[in-house]
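Chain order of the listed sequences is G and U. Under this note's numbering, think of the first position of the first sequence as 1, with each following residue one higher. Under this note's numbering, think of the first position of the second sequence as 1001, with each following residue one higher. Even glycine gets a Cβ: it sits at the ideal position worked out from N, Cα and C.
There are 2 protein chains.
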Amino acid sequence: MEVHFLGTAGGVPSPARSLPCTALKRNGSVMLFDCGEGSQRQLMMSPLSMMAVDCILISHHHGDHVTGVPGLLQTMSLFSRQRPLRVFGPTGTVAMMDRRFSNHDAEPCYKVEVRDLAPGDSFESDGMTVLAVGTDHSIPSLGYVLREPPRSGRFDAEAARGLGVAEGPLFSDLQNGVAVEIEGRVVSPEEVMGPPRRGRSFSYSGDTRPCVAFIEASRGVDLMVHEATFADDSIDRAAESGHSTARQAAEVAKQAEVSTLVLTHISPRIDDALTLEREASEVIGTRNVVVAQDFDSLRIEYPE
Amino acid sequence: MEVHFLGTAGGVPSPARSLPCTALKRNGSVMLFDCGEGSQRQLMMSPLSMMAVDCILISHHHGDHVTGVPGLLQTMSLFSRQRPLRVFGPTGTVAMMDRRFSNHDAEPCYKVEVRDLAPGDSFESDGMTVLAVGTDHSIPSLGYVLREPPRSGRFDAEAARGLGVAEGPLFSDLQNGVAVEIEGRVVSPEEVMGPPRRGRSFSYSGDTRPCVAFIEASRGVDLMVHEATFADDSIDRAAESGHSTARQAAEVAKQAEVSTLVLTHISPRIDDALTLEREASEVIGTRNVVVAQDFDSLRIEYPE
């Protein structure tokens, strides 16, 4: 599982930062979180394949988060995409997609499933559960929390041999949850498999003030991407405009017991991203905070 | 007068080419011809000032030519623009602007004048005449031809001195068209000024098949920007889709007696822009053709 930061600006792009777009790659499929103007070209410049994008999750309908959708859909159609595409977002997403910018553009040549999600809605994507969480921005907004199903426990080969099981097909049976019979005695998987291990997990805040629902839904995720539009000196402005400071984002991550926090949605007014990193680090330590730059990527490993 | 090529792709962007946007800078004011996705960031990366953009002229409503408009307008508002902005284009431009992509974005804090232009309409912009020309694309489309008013003729200082006029304020009077009296004799401006000289001129085709109306309206312009979506090998495809090949663009320029032709709207299918340059050069010579790259700029000098 890899997270790619394709656009890390907030509100307004800069020469260094494109508008919001975060990509999660898993099993060859890519999910986008927000799709600001320029996302299709950022995808082309990244190691990701545009055609692998199977789902676009919108956090809210401010232009900087959605203006890249029509162009991306159109380009995938010009490239003769066949696979269906999902575009899900908060209330109003169906209506927004119905009045896409130019009605002179052809309908995509592939199926586009558009859905309005309510806070608390969840759906499956390639075996993973995606939960939409109501967040606290100036207009209806959602964060997203993704969790893989638990993996089977660790196989204890020594224990299996001790029970007389020979290495080979019988090992596979036990690993796949099937009991085997050895000289009249049944060896059950539970005797040789450890407890189930949790899958990987990820959360994305979208634009929001610090939000209890997002903290609760994100508890213990391997990686949290949280907006950090402002530094400490603009904490009032953050509250007024429905955003967070870097320090507030770190407090969210700390309360959710998240060890890796990536800050994005960086205002063009922030001259020095190190300020954000320093202020967040004071809450959860320097090793646990990254201020994303465009084209940064991070791997999410299976938990031990 | 400078022409800046901010986006030179056709249909689909590439890592090297952003979607269509050509800028004309004159007297500190910038006019954009088309405004594809990513134009605001291209402007930020160029030597031009985004806030100097006073007019956006749309050639037609295919997404690749207009998806950059909402983001640019929004960003200029976030930057507290005061000056009014014009957004003119073919029929449907007012309706398109009314249903801009996201209705959660605030109305701009400056006045936006939106107008549908019909073929043959013209308007003044900072003393320059802008003519909208009906072109031949797959949907209603316009090209634009811009001409400065004639400049006054050359002042003949020797002749003025010969008529007894002393250098200084009287020279200025004559240059400004005011007769002066020297020892009882009237010296008229016509005696010391050469014939009026034509101003600078420029034309932009937008997306079109080779088009007689555009040839006629462009006659003798100093610089023609013409689309060249295809090479010779796709001439049928160009005709079907309402586009031109590089060779056809050169024929248009030749018939319009234009000496400098810049090709833009380059399809991502064109691996090697040199092919386009070669095919166009066979019509009007290598010194008269440029295949635009993003961030190229050219000056238009006053004609001799």
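Go to His1004 (chain U), then tell me how far its beta strand (DSSP E) extends in each direction, as first and last residue. Boundaries of the beta strand (DSSP E) around His1004 (chain U): 1002-1007.
Pro1090 (chain U) touches chain G at which residues, Cβ-Cβ below 8 Å? Here the premise fails: no neighbours, minimum Cβ distance about 10 Å.
Three-state class that DSSP yields for Ala213 (chain G) in the structure shown: In the structure shown, Ala213 (chain G) sits in a helix (DSSP, three-state: H, G or I).
Beta-carbon proximity of Leu85 (chain G) to Val112 (chain G), cut-off 7 Å: In this structure, Leu85 (chain G) lies near Val112 (chain G), with their beta-carbon atoms less than 7 Å apart.
With a cut-off of 8 Å on the beta carbons, I'd call Leu1117 (chain U) and Asp1294 (chain U) a contact; round off their distance for me. Between Leu1117 (chain U) and Asp1294 (chain U), the beta carbon gap of about 27 Å keeps them out of contact (Cβ cut-off 8 Å).
For Ala1228 (chain U) and Gln1040 (chain U), what's the separation of their Cα atoms in angstroms? In a straight line, the C-alpha of Ala1228 (chain U) is about 24 Å away from that of Gln1040 (chain U).
Cα-Cα separation between Asp156 (chain G) and Met224 (chain G), rounded to whole angstroms: Rounded to whole angstroms, Asp156 (chain G) and Met224 (chain G) show a C-alpha spacing of 33 Å.
Is Gly1063 (chain U) close to chain G? Criterion is C-beta to C-beta, closer than 7 Å. Cβ-Cβ to chain G under 7 Å: yes for Gly1063 (chain U).
With 16 other Cβ atoms within 10 Å as the buried cut-off, status of Val1283 (chain U): Buried is the call here.
Residue-level contact to chain G via CB, Asp1105 (chain U), 7 Å cutoff: Asp1105 (chain U) belongs to the set of residues whose beta carbon lies under 7 Å from a beta carbon in chain G.
Could you check if Gly1134 (chain U) is buried or exposed, using at least 16 other CB atoms within 10 Å of its CB as the buried criterion? By the 10 Å Cβ count, Gly1134 (chain U) comes out buried.
Residues bridged to Met128 (chain G) (per DSSP): Paired residue(s): G:Ser125.
Could you pull the start and end residues of the beta strand (DSSP E) that Ser241 (chain G) belongs to? Ser241 (chain G) -> not in any beta strand (DSSP E); alpha helix (DSSP H) instead, spanning 235-241.
When the Cα atoms are used, what is the spatial distance from Leu57 (chain G) to Asp64 (chain G)? Leu57 (chain G) and Asp64 (chain G): Cα-Cα distance of roughly 14 Å.
So who's on the other strand from Phe1308 (chain U), going by DSSP bridges? Nothing in the structure corresponds to residue 1308 (chain U), since chain U is present only between 1001 and 1304.
Using the beta-carbon of each residue, which ones in chain U are nearer than 7 Å to Leu78 (chain G)? Chain U residues near Leu78 (chain G): Gly1011, Val1012.
Mind listing the chain U neighbours of Arg237 (chain G)? Cutoff is C-beta to C-beta under 8 Å, in chain order. Simply none; closest approach about 13 Å.
Can you find a CB in chain G that lies within less than 7 Å of the CB of Gln1074 (chain U)? Judged by the 7 Å Cβ criterion, Gln1074 (chain U) is in contact with chain G.
Closer than 6 Å: is that where the CB of His65 (chain G) sits relative to any heavy atom of the ligand NAD? Ligands in the displayed structure: none, and consequently the ligand NAD is not present.
Relative to the C-alpha of Met1096 (chain U), which residue among U:Ser1205, U:Ser1188, U:Glu1183, U:Thr1067 is closest? Closest option to Met1096 (chain U), Cα to Cα, is U:Thr1067.
Which listed residue (U:Ser1018, U:Leu1019, U:Ile1215, U:Asn1027) has its alpha carbon closest to that of Val1258 (chain U): That would be U:Ile1215, whose Cα lies nearest to the Cα of Val1258 (chain U).
Quick one: residues in its chain with C-beta nearer than 6 Å to the C-beta of Met1128 (chain U), no 5 flanking neighbours on either side, listed in chain order? Leu1146, Glu1148, listed in sequence order.
Between the alpha carbons of Thr275 (chain G) and Cys21 (chain G), how many angstroms are there, rounded? Approximately 22 Å, taken between the alpha carbons.
Flag Thr1093 (chain U) as yes if its beta-carbon sits less than 7 Å from any beta-carbon of chain G, otherwise no. No, no contact with chain G.
Cβ-based neighbour list, Asn1288 (chain U), same chain, cut-off 7 Å, excluding 5 preceding and 5 following: Closer than 7 Å at the Cβ level, and outside the excluded window around Asn1288 (chain U), lie Ser1259, Thr1260, Leu1261.
Identify, in the order they occur along the chain, each residue of the same chain with its Cβ nearer than 7 Å to the Cβ of Leu72 (chain G), setting aside the five sequence neighbours on each side. Cβ within range, chain order: Cys35, Ser39, Gln40.
Neighbour-count burial assignment, Gln1082 (chain U), 16 or more Cβ in a 10 Å radius: Around the beta-carbon of Gln1082 (chain U), fewer than 16 other beta-carbon atoms lie within 10 Å, marking it exposed.
On the three-state DSSP scale, how would you describe Ser1218 (chain U)? Ser1218 (chain U) falls in the coil class under three-state DSSP.
CB contact below 7 Å: Glu1002 (chain U) versus chain G: No, its Cβ sits nowhere closer than 7 Å to a Cβ of chain G.
Let's test the definition: count the other Cβ atoms within 10 Å of the Cβ of Cys1109 (chain U) and tell me whether it reaches 16, buried, or not, exposed. Classification for Cys1109 (chain U): exposed.
Do the region 241-256 of chain G and the region 198-212 of chain G touch if we need at least three Cβ pairs shorter than 8 Å? Touching, per the Cβ criterion.
Cβ neighbour criterion (16 or more within 10 Å) applied to Val94 (chain G): The residue in question, Val94 (chain G), is exposed, as its Cβ has fewer than 16 Cβ neighbours within 10 Å.
Which listed residue (G:Ser80, G:Arg100, G:Thr75, G:Gly120) has its alpha carbon closest to that of Pro90 (chain G): Among G:Ser80, G:Arg100, G:Thr75, G:Gly120, the Cα nearest to that of Pro90 (chain G) belongs to G:Gly120.
With respect to the alpha helix (DSSP H) encompassing Val1252 (chain U), which residues constitute its N-terminal and C-terminal limits? Boundaries of the alpha helix (DSSP H) around Val1252 (chain U): 1246-1255.
CA-to-CA distance, Lys254 (chain G) to Gly92 (chain G), given in whole angstroms: If you draw a straight line from the Cα of Gly92 (chain G) to the Cα of Lys254 (chain G), it comes to about 32 Å.
Nearest by alpha-carbon distance to Pro1196 (chain U): which of U:Glu1183, U:Glu1181, U:Arg1151 is it? The option with the nearest alpha carbon to Pro1196 (chain U) is U:Arg1151.
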